[in-house]
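In this text, residue positions in the sequence shown follow our numbering: the first is 21, and each later residue adds one.
Structure record follows, encoded as structure tokens.
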Amino acid sequence: MGLTLPRVDALGSRQFLLHLLPELSTVRSAIRPLAPTPIEHRIRAIDVGAGIGRVTSTVLLHLVEDVVLLEPVESFIQEAYAAGSASTSEAGPKPPASRWKGIKDNKKSVSFLQGTLQEFDPTSALAHSKVIGRVGYTPTPQAMSDINDKLDVAWCQWCLGHLSDVDLVAFLKRCHAALREGGRSLIIVKENLCRDADDGGPRTVFDDQDSSLTRSDMAWKKIFQDAGLRLIKEQTQHGLPEGLYEVKMYALR
Numbered sequence: 021m022g023l024t025l026p027r028v029d030a031l032g033s034r035q036f037l038l039h040l041l042p043e044l045s046t047v048r049s050a051i052r053p054l055a056p057t058p059i060e061h062r063i064r065a066i067d068v069g070a071g072i073g074r075v076t077s078t079v080l081l082h083l084v085e086d087v088v089l090l091e092p093v094e095s096f097i098q099e100a101y102a103a104g105s106a107s108t109s110e111a112g113p114k115p116p117a118s119r120w121k122g123i124k125d126n127k128k129s130v131s132f133l134q135g136t137l138q139e140f141d142p143t144s145a146l147a148h149s150k151v152i153g154r155v156g157y158t159p160t161p162q163a164m165s166d167i168n169d170k171l172d173v174a175w176c177q178w179c180l181g182h183l184s185d186v187d188l189v190a191f192l193k194r195c196h197a198a199l200r201e202g203g204r205s206l207i208i209v210k211e212n213l214c215r216d217a218d219d220g221g222p223r224t225v226f227d228d229q230d231s232s233l234t235r236s237d238m239a240w241k242k243i244f245q246d247a248g249l250r251l252i253k254e255q256t257q258h259g260l261p262e263g264l265y266e267v268k269m270y271a272l273r
């Protein structure tokens, strides 16, 4: 039996991030440094426009310790919180493989925030969002005392098409300001692509059914330039069914 689309997507995302930050590998592998430098802080990520938490559960929790999950839609954030909460006990969810990694033993954490990307600022996370809850590891003395700590990874997947160019540039600038100093932290953008314009320039397609924008490769690169970001690596997600938009991953600093 072949891999399912979500599985292909998750594996592609993990491999992309591990290639850039091999020190996040938790198992012996060809990419893991033989003598990795000890990391003196908990590795933190944010998953924006996170839906029901699929990227958090299948990608980020396998590689980082603390995730801030941001989602604007009430039903989606509640479903994500229910799945994370169910992973705190032996009773669920079933099968055990679907439990969120590191939550039951309090080694890892997920903080659930409801808010829009247009207003959200990771450096003052609670200013324009509502706390839904937290599962797993909790710092002392206050449960959310780390919520504004610097980020090692800002993951943006299949959500940025709902932002205008102006809002998107502003959001990416805020994400960049929230990255941990030291030159290793990353913003990851993973989105559908349409074709560039016939002259090779940027192109954007508007979908009037869900009021979203699909940008071309050159359109994304113009956005990144306008946001003052440096493109570190780009890669097409392989293994997806034919007939779908091309999906591409960009790593930025």
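The beta-carbon is built from N, C-alpha and C at its ideal position, and this holds for glycine as well.
Checklist line | Residues near H82 by beta carbon distance below 8 Å, same chain, minus five either side | finding: Working through the sequence shown from its first residue, we reach residue 82 at position 62. The residues are R34, T46, K121.
Item checked: Counted within 10 angstroms of its Cβ, other Cβ atoms place S77 as buried (16 or more) or exposed -> Taking the sequence shown and counting its residues from 1, the one referred to as residue 77 is at position 57. Flag for S77 reads buried.
Margin query: Assuming the contact rule is C-beta atoms closer than 8 Å, L89 and A100 should be a hit. Round their C-beta distance to whole Å, please.
Written below: As a working note, residue 89 is residue 69 in the sequence shown. As a working note, residue 100 is residue 80 in the sequence shown. L89 to A100, Cβ: 6 Å. Contact.
Notebook entry, point to check: Do you know whose CA, among V68, E60, D29, lies nearest E43's CA?
Noted result: Residue 43 sits at position 23 when you count from the first residue of the sequence shown. When each option's Cα is compared against that of E43, the closest is E60.
Next item on the list: Within the same chain, show all residues whose beta-carbon is closer than 6 Å to that of D141, passing over the 5 residues directly before and after it, in chain order.
Entry: Within the sequence shown, the letter at position 121 stands for residue 141. For D141, where only same-chain residues beyond five positions count, the Cβ hits under 6 Å are R194.
Check: By DSSP, does T158 sit in helix, in strand, or in coil?
Finding: Indexing the sequence shown from 1 puts residue 158 at position 138. Residue state, collapsed to three classes: coil.
Note to self: I need the straight-line Cα distance from V189 to A247, nearest angstrom please.
What the structure shows: As a first step, residue 189 must be located in the sequence shown, where it is residue number 169. As a first step, residue 247 must be located in the sequence shown, where it is residue number 227. Rounded to the nearest angstrom, the two C-alpha atoms are 5 Å apart.
Next item on the list: Under 8 Å by Cβ, that's how I've got R62 and D86 pegged, so tell me the actual separation to the nearest angstrom.
Entry: The residue given as residue 62 occupies position 42 in the sequence shown. The residue given as residue 86 occupies position 66 in the sequence shown. Between D86 and R62 the Cβ distance is about 5 Å, and since that is below 8 Å, they are a contact.
Check: Could you give the distance in angstroms between the alpha-carbon of L26 and the alpha-carbon of L206?
Finding: Numbered from its first residue, the sequence shown carries residue 26 at position 6. Numbered from its first residue, the sequence shown carries residue 206 at position 186. Looking at the sequence provided, one finds Pro at residue 26 rather than Leu. About 23 Å.
Margin query: Looking at the secondary structure, which residues open and close the alpha helix (DSSP H) in which E91 lies?
Written below: Locating residue 91 in the sequence shown gives position 71, where the first residue counts as 1. First-last for E91: 86 to 91, but that is the beta strand (DSSP E), not the alpha helix (DSSP H).
Check: So the beta strand (DSSP E) M269 belongs to, where does it begin and stop?
Finding: Counting from one through the sequence shown, the residue named residue 269 turns up at place 249. Looking at the DSSP string, the run of the beta strand (DSSP E) that includes M269 is 266 to 272.
Check: Which class does K193 belong to by DSSP, given the choice of helix, strand or coil?
Finding: Indexing the sequence shown from 1 puts residue 193 at position 173. K193: helix per DSSP, three-state reduction.
Next item on the list: Using 10 angstroms around the beta-carbon of G220, count the other beta-carbons present and answer buried if the total reaches 16, otherwise exposed.
Entry: What you label residue 220 is simply residue 200 of the sequence shown in a count that begins at 1. It counts as exposed.
Item checked: Which of helix, strand or coil DSSP assigns to I243 -> Within the sequence shown, residue 243 is the residue found at index 223, counting from 1. Of the three classes helix, strand and coil, the one that applies to I243 here is helix, per DSSP.
Notebook entry, point to check: For T24, which of helix, strand or coil comes out of DSSP?
Noted result: Position 4 of the sequence shown, counted from the first residue, corresponds to residue 24. T24 falls in the coil class under three-state DSSP.
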